[in-house]
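Structure record follows, encoded as structure tokens.
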Amino acid sequence: MDDRILIRSYQPEDADATIEIFLRAVREVSSRDYSPAQIEAWAKVEDRSLWAERRISRSAWIAEIDGEPVGFSDLTGDGCLDMMFVHPEFQGRGVASRLLSRVELEALRLGFKRIHTEASRTARPFFERKGFRVIARQTVEKRGQSLENFRMEKLYAE
Ligand SMILES: CC(C)(COP(=O)(O)OP(=O)(O)OC[C@H]1O[C@@H](n2cnc3c(N)ncnc32)[C@H](O)[C@@H]1OP(=O)(O)O)[C@@H](O)C(=O)NCCC(=O)NCCS
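For the sequence shown, the tail end lands on 169 under the working numbering, and the numbers increase by one without skipping.
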């Protein structure tokens, strides 16, 4: 684990950095697990203001290394971890682990008994490693392409 990783709350000014991380993570990392046409359909942010609105509509966190955003995640009011993306150059250093710990702390604070997510093929092993289990395999439509992902959940004891 890289001890330079700092987790802080998402700020509205982080919108562009999160778009960049999202696009690069999908194009350069998830491209291992999906076809070029699927990646092309997924890696698009057509409406930046809608993206920015979504990010501030829930609790969200930024992972920084040396002051640079390198990953982000979030938790909606109904216990959905919607986003978990790490910059390609900072993969495998524990960034997602630190983000997930922060998400879980928030879930605990709110008294949630469960966190759920829709994990890509790429993220499924990460979530499994962290105690999530697959509830269902599903196919989602993105701009005319069908992409497989996994509904997953982690339960927390009373
Ligand atoms: C999945 C993702 C978020 C993981 O981020 P990361 O910062 O590299 O993860 P970490 O370094 O914290 O890894 C934590 C553990 O999960 C394991 N892990 C992470 N990704 C893995 C993978 N693809 N396959 C197998 N194990 C994986 C790591 O080996 C590590 O195990 P350890 O605890 O034994 O050391 C990152 O690869 C990513 O951004 N992927 C592309 C975007 C994506 O698909 N996001 C999810 C959308 S639903």
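For glycine and all other residues, C-beta sits at the position ideal for the given N, C-alpha and C. These numbers come from a predicted model, not from an experiment.
Taking only the alpha-carbon atoms, compute the straight-line gap between residue i and residue j and give it to the nearest angstrom.
i      : j      : result
Ala130 : Lys124 : 19 Å
Leu75  : Ser20  : Just to set this straight, residue 75 is Glu in the shown sequence, not Leu. Using only the alpha carbons, I get a separation of about 11 Å.
Pro47  : Arg154 : 13 Å
Ile67  : Pro23  : 7 Å
Pro149 : Leu158 : Residue identity differs from the one stated: residue 149 is Gln in this sequence, not Pro. Distance between the alpha carbons of Gln149 and Leu158: 8 Å.
Asn160 : Gly78  : 32 Å
Glu64  : Gly90  : 18 Å
Helix, strand or coil for residue i? Go by DSSP, reduced to three states.
i      : result
Ser60  : helix
Gln49  : helix
Leu86  : strand
Arg66  : helix
Phe96  : strand
Ala134 : coil
Leu121 : coil
Arg104 : coil
Arg19  : strand
Where does the unbroken beta strand (DSSP E) through residue i begin, and where does it stop?
i      : result
Gln149 : 144 to 153
Ser42  : Where Ser42 is concerned, there is no enclosing beta strand (DSSP E), given that its DSSP letter is neither H nor E.
Glu8   : For the chain, the structure presents residues 12 to 169; residue 8 sits outside this window and is missing.
Lys55  : Where Lys55 is concerned, there is no enclosing beta strand (DSSP E), given that its DSSP letter is neither H nor E.
Lys165 : 156 to 166
Does the beta-carbon distance from residue i to residue j come in below 9 Å?
i      : j      : result
Leu86  : Ala118 : yes
Thr128 : Val40  : no
Ile16  : Arg104 : yes
Gly82  : Leu110 : yes
Arg35  : Pro99  : yes
Trp72  : Val114 : yes
Ala107 : Met95  : yes
For review: beta carbons within less than 5 Å of any heavy atom in ligand 1
Ala36, Val40, Ser41, Met95, Phe96, Val97, Gln102, Gly103, Gly105, Val106, Ala107, Ser108, Ala130, Ser131, Thr133, Ala134, Pro136, Phe137, Arg140
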